[in-house]
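Residue numbers (this note's numbering): 1346 to 1560.
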């Protein structure tokens, strides 16, 4: 039972301790786009599972498999490692309960904002809280078409709709778990500037003492 890393160049699966690919000598130790696999034996058969680019998720899955083998339990497939964000989004947009919502266009905009930044082809198992945090940092320095900063409330809506999609996928057993279920919202400043109408100003003016009204 071991953790393997796939060479980005030739796709050969190497030990995680290897600095160079055994097949093509590619420097996998410094590669940023490495994909991890787990290798194990169950019921006398050798099995391999492609997990994704997250080493942490791969190690977690390996521990799950080891625990199942030790306890004699059936090894279930890791659904999170079989579904991409693109596939999940396409499925979610076709749900009747989602399509019937008045906010359906806004829901699509919010989710697309997140997925376009994270990448359509990454697996759900590759999602980490740090990735969503980087998305929020990116959005906070962006400006709108009117050259105004993107509000935290707007970013919260993006992430909330993205998280709702993942939660719904768990409900429908499309994936096993929501990797970002514990993420907290950004603090919002709900104070709004408001200009008094002419009538309101006149009423306020009439209530002011003479010292404030002036000559």
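Every residue gets a Cβ at the ideal spot worked out from N, C-alpha and C, and that includes glycine.
Fair warning: this is a prediction, and the values are worked out from it, not measured in the lab.
Problem - Extent of the continuous beta strand (DSSP E) run through residue 1349 - result: Counting along the chain, residue 1349 sits inside the beta strand (DSSP E) bounded by residues 1347–1351.
Exercise for the section: State the Cα-Cα distance for the pair residue 1471 and residue 1377, rounded to the nearest angstrom. Expected result: Residue 1471 and residue 1377 have their alpha carbons spaced roughly 14 Å apart.
Practice task
Could you pull out every residue in the same chain whose Cβ sits closer than 8 Å to the Cβ of residue 1526, ignoring the five residues on either side in sequence?
Solution key: Within its own chain, the residues whose Cβ lies closer than 8 Å to the Cβ of residue 1526, once the five positions on either side in sequence are excluded, are 1508, 1511, 1512, listed in chain order.
Exercise for the section: Just mark residue 1553 as buried or exposed, buried being the case when its beta carbon has 16 or more other beta carbons within 10 Å. Expected result: Around the beta carbon of residue 1553, a 10 Å sphere encloses fewer than 16 other beta carbons of the protein chains shown; the residue is thus reported as exposed.
Problem - Whole-angstrom C-beta distance between residue 1428 and residue 1528, which should lie under 8 Å - result: Contact annotation, residue 1528 with residue 1428: C-beta distance approximately 19 Å; criterion of less than 8 Å not satisfied.
Handout entry: the segment 1480–1492 in contact with the segment 1427–1443 per 3-pair CB rule at 8 Å
Key = Contact fails: fewer than three Cβ-Cβ distances are below 8 Å.
Practice task
Determine contact between the segment 1397–1415 and the segment 1494–1506, defined as no fewer than three beta-carbon pairs at a distance below 8 Å.
Solution key: Counting Cβ pairs under 8 Å, fewer than three are found: no touch.
Exercise for the section: Look up residue 1383 in the DSSP assignment and give the residues it is bridged to. Expected result: Bridge partners of residue 1383: 1348, 1394.
Handout entry: Nearest-angstrom Cα separation, counted from residue 1486 out to residue 1493
Key = Straight across, the Cα-Cα distance linking residue 1493 with residue 1486 is about 10 Å.
Problem - Exposure label - residue 1320; buried when at least 16 CB within 10 Å - result: Outside the shown range of the chain (1346 to 1560) lies residue 1320, about which nothing can therefore be said.
Problem - Nearest neighbour of residue 1530, chosen from 1544, 1505, 1454 [CA to CA] - result: Nearest C-alpha to residue 1530: 1505.
Problem - Start-to-end residues for the alpha helix (DSSP H) that takes in residue 1358 - result: For residue 1358, there is no enclosing alpha helix (DSSP H); the enclosing beta strand (DSSP E) has its first and last residue at 1358–1360.
Exercise for the section: Starting from residue 1518, follow the alpha helix (DSSP H) in both directions and report where the run begins and ends. Expected result: From DSSP, residue 1518 is part of no alpha helix (DSSP H); its letter is neither H nor E.
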